[in-house]
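Colleague:
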Amino acid sequence: MLPTKMQSIKTVKMHTADIKALSNTSKTIISCSRDKTLSFFTDDLVLMGRVEMSFGYLTALAVDERFVYVGSEEGVISVYERNDVEDYVGNEDGARVSTGNGEVGTGRSGEEVDGEEGLDKSTNVDGEEGLDKSTNVDGEEGLDKSTNVDGNEKMCKNGSTAKNTSENKSKRTGELIPHTYIIHHTKNVTSLVSDNSLLISGSWDNDMVVTDISTHSKVYSYTHPSGVWCVRKEGTRIYTACMDGCIRMFEDGELKECVSVHGGCVRTMIVCGERMVGVSNDGRVLLCGIDDKTVVASRMLGVYCYDVLVLGDGLYTFLFLADDGVVFITDHCLGRMRKACIGEFCWCVVREHEHLYFGSSKGNVIRIAVDDLIEHSTDVMMIEKGVVVNAQNDVNIGKQLEEIKSKIKDSKDYKIEGTTLFQKQGDTWIQVGEVMGKRDNTFTVELDNKKLELSFDNDENVYDVADRFLRENKLGDEHRGEIVEFIRQNFKKCGMKKFKDIDTVGLRKYIEDEDLVKVLESIKEHGVKYGGNSSVDGNQKGVAGEGAVVNDKPDASPTGAPVNGSIDCIPNMQMCVLESKLKALFTDQDDNFYIIDIYRFLSLYGLPIDYSFILTYAPKTRKEKITFVMLVSNLYFCPPFDLEMVHGKIREMVGAVSDNVWNVYEENRRSSSA
């Protein structure tokens, strides 16, 4: 059954460019944007006021009992009194625009849009991340601008004076003037949080700064090895998520702990009780204990992630905002996982009572009821019988392309670049057609605020690929070197190997659960179909395409029984059911090699399965050690966390593992870190 349109959804154009942050007071929702404006609107998305600012594009927001804080590209934090904000937006003359220089005019009210319609059809996507989203600092100037300073980490307590301007009190005459400015950063302010006495800020200048709200002076700061993406405060502790892959915990002005488990840039994090959730740029989600720093659960979402939100204490606890408008929701232990698509690429999300507000790259604010989003979500993975859509076509097309390539391999008059066929005429190569086919590698990259597709084959010269990419996308030669470097970084996995296949007949000697074996047989024969992303407008979007399993209720068939009226002997099965079945098989006494081998087999399909057990599991028998090494070897293609944490354990197994298995492990490990 295809999902129906969410009844609660409402979309309104508030800005002409990306909305980078959202926050809320008791009466007002606030958004800031790359169009350098700050917008104030009601919970029903009625625009009440807009402020134009002059410190570059706006990047971060925080609200406390007295103030509203706005971070900017240039590192300046503008501070507004909440009383002034409420007076400003409470003006009965309608939505107003303040330029910050005393000039006030009537602003355009936000207009409700449907799909692509609205005030401005700008579709730019923030280029702040570049091609390599895991390490960049300033995507405005290139594809990969990681500018980490030296590795010396330092703390500065009471060591500097805030460059605050004199207080500029609003006279409540219709204009909104900042109460003051806080200038403790030199680059983009990425994150702000206030507890009513202290303001914590993070920046691409590598600093986390704690500012006294009463005096606006710096209490202390900490310089990280690289840029800070996110800051949080919970109780007496301050947390930072950093580009170097670490989450740091501070207390009483000192660094207390450093948790380094992600193996890549940590984009955002959040604290929930005695646990914290960290999210890396590339979609690695880790649930960790705060005090013992253990990894409780892991998920590899397979897409870039930008924000995380605690939904509450119900069945679904966390919300993850991912690439292309995909939203994941999970329970408190990352077990049950569902997803939906809100229809637009969004950077941020905030909750106000029973509604969620998303800030999109088109400048739209999208409001959806929490219950409505959950109702229209689908299981993140549903295993069902059936050939994966277009799988056989991809195989046939690939064979066709290889046949044509082999025929013209020695020809001096023809050549193929990607899927484009060229003929030499004189000294010039002329494009004569397109060869139907699929390139070996395809990446989605961000450059000049655009999402572009970079594709190339394994046997192509990287410089030829870069030249073609620049030519096809009409880009300047100044990006050539960066594209070449990006290809080299992402091309490294092509030489890696996977341990494939599984003996499902032999599994029946160890497993009595016939449904589980049949599901594995179905995967082996047909591959895996993913449940489609439920779109807000009722349209299907995602990997599955037509025929994807979509439940009309979030908890349809929780036991793994056939859904949608299926009468086939191969059961449909939700991922959480599959995982619970596997975990139930582990015992302390028996040889568990066959369970590890199932995980190894499932790792071939890039499923968002929890592999955190490998951090604590100690293989006992020779078979367990062999399958364990094979599993970790496969995981290097898409590491769920920093796999170096298990390398010491694996080194002790070298005597039990054949040379072939060991060599594959070492090669995959080396290639993954190259």
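Note that full-length UniProt numbering has the sequence shown beginning at 1, numbered continuously upward.
All residues carry an ideal CB built from backbone N, CA and C; glycine is no exception.
Measuring CB to CB, does Arg338 end up less than 7 Å from Asp379?
Modeller: Less than 7 Å separates the beta-carbon of Arg338 from that of Asp379.
Colleague: So Asp207 packs on His185, CB below 8 Å; how close in whole Å?
Modeller: Indeed, because the Cβ distance is near 6 Å, the residues count as touching under 8 Å.
Colleague: Should Met300 and Cys638 be called a contact, given that it needs their Cβ atoms to be closer than 7 Å?
Modeller: Cβ atoms of Met300 and Cys638: closer than 7 Å.
Colleague: Drop a sphere of 10 angstroms on the beta-carbon of Cys333, count the other beta-carbons inside from all chains shown, and report buried for 16 or more, exposed for fewer.
Modeller: exposed
Colleague: Leaving out five residues before and five after Asp372 in sequence, what residues of the same chain have Cβ atoms less than 6 Å from its Cβ?
Modeller: The beta carbon of Asp372 is closer than 6 Å to those of Met6, Ser8 in its chain, skipping five residues each way along the sequence.
Colleague: Within a Cβ cutoff of 6 Å, which residues of the same chain sit near Arg480, ignoring the five residues on either side of it in sequence?
Modeller: Sequence-distant Cβ neighbours of Arg480 in its own chain, meaning closer than 6 Å and more than five residues away, are Ala466.
Colleague: Cβ of Val632 less than 7 Å from any chain B Cβ?
Modeller: Structure shown: chain B not included; a single protein chain is present.
Colleague: Apart from the five residues just before and just after Gly335, which ones in its own chain have a Cβ nearer than 7 Å to its Cβ?
Modeller: Leaving aside the five residues that flank Gly335 on each side, the residues in its chain whose CB is nearer than 7 Å to its CB run, in chain order, Cys576.
Colleague: Smallest Cα separation from Tyr88: which of Thr211, Ile177, Leu58?
Modeller: Ile177
Colleague: Return helix, strand or coil for Trp204, following the three-state DSSP convention.
Modeller: Note: Trp204 maps to coil in three-state DSSP.
Colleague: Work out the CA separation of Leu309 and Lys20 for me, nearest whole Å.
Modeller: 15 Å
Colleague: Can you list, in chain order, the residues of its chain with a C-beta nearer than 8 Å to that of Gly263? Leave out the 5 residues immediately preceding and following it.
Modeller: Gly245, Ser280, Arg284, Pro639, Phe641, Asp642, Leu643, Glu644
Colleague: Below 7 Å CB to CB, which residues in the same chain sit around Arg508 once its five sequence neighbours on both sides are set aside?
Modeller: Val517
Colleague: Given this structure, state the Cα-to-Cα distance separating Asp331 from Asn592, to the nearest angstrom.
Modeller: C-alpha separation (whole angstroms): 28 Å.
Colleague: Would you kindly report the start and end of the unbroken beta strand (DSSP E) that includes Val310?
Modeller: 305-310
Colleague: Just to confirm the assignment, what range does the alpha helix (DSSP H) spanning Thr575 have?
Modeller: Contrary to the premise, residue 575 reads as Met rather than Thr in this sequence. Here the alpha helix (DSSP H) through Met575 covers 575-585.
Colleague: Opposite Ser23 in the DSSP bridges: which residues?
Modeller: Ile30
Colleague: Does DSSP classify Tyr617 as helix, strand or coil?
Modeller: coil
Colleague: Note down the Cα distance separating Trp662 from Leu602, rounded to an integer number of angstroms.
Modeller: Those two C-alpha atoms are separated by around 20 Å.
Colleague: If you draw a straight line from the alpha carbon of Lys13 to that of His376, how long is it in whole angstroms?
Modeller: Taking the straight line joining both Cα atoms gives about 24 Å.
Colleague: From this set, Trp204, Ile366, Phe318, Ala241, which residue's C-alpha is nearest Asp44's C-alpha?
Modeller: Ile366
Colleague: Please classify Leu607: does DSSP put it in a helix, a strand, or coil?
Modeller: coil
Colleague: So is Gly75 buried or exposed if we call it buried at 16+ other beta carbons inside 10 Å?
Modeller: buried
Colleague: Any idea if Val657 is buried or exposed, counting beta-carbon neighbours within 10 angstroms, 16 or more meaning buried?
Modeller: A residue is called buried when at least 16 other Cβ atoms come within 10 angstroms of its Cβ; Val657 meets this threshold and is buried.
Colleague: Let me know if Phe345 comes out buried or exposed under the rule of 16 or more other beta-carbons within 10 Å of its beta-carbon.
Modeller: buried
Colleague: According to DSSP, what are the bridge partners of Ser191?
Modeller: Answer by DSSP bridge pairing, in chain order: Gly202.
Colleague: Report yes or no: do three or more beta-carbon pairs, one from the stretch 216-231 and one from the stretch 241-257, lie closer than 8 Å?
Modeller: yes
Colleague: Can you check whether the CB of Cys230 is closer than 7 Å to the CB of Leu22?
Modeller: One thing to note: Leu22 has its Cβ no nearer than 7 Å to the Cβ of Cys230.
Colleague: To the nearest whole angstrom, what separates the beta carbons of Ser201 and Lys187, a pair I think is in contact under 8 Å?
Modeller: At roughly 11 Å, the Cβ-Cβ gap does not stay under 8 Å, so Ser201 and Lys187 are not in contact.
Colleague: Give me the Cα-Cα distance between Asn461 and Arg471, rounded to the nearest whole angstrom.
Modeller: Using only the alpha carbons, I get a separation of about 16 Å.
Colleague: DSSP on His355, reduced to helix/strand/coil?
Modeller: strand
Colleague: Are the CB atoms of Val193 and Ala62 nearer to each other than 7 Å?
Modeller: yes
Colleague: Rounded C-beta distance between Leu578 and Arg600? I'm assuming under 8 Å.
Modeller: Rounded, the Cβ-Cβ distance is 15 Å, inconsistent with contact.
Colleague: Which one of Leu47, Asp35, Phe41, Val46 has the shortest CA to CA distance from Met53?
Modeller: Asp35
Colleague: Rounded to whole angstroms, what is the Cα-Cα separation between Ser455 and Met249?
Modeller: 41 Å
Colleague: Which residues bound the beta strand (DSSP E) around Phe593?
Modeller: Run containing Phe593: none in the beta strand (DSSP E); it sits in the alpha helix (DSSP H), 593-602.
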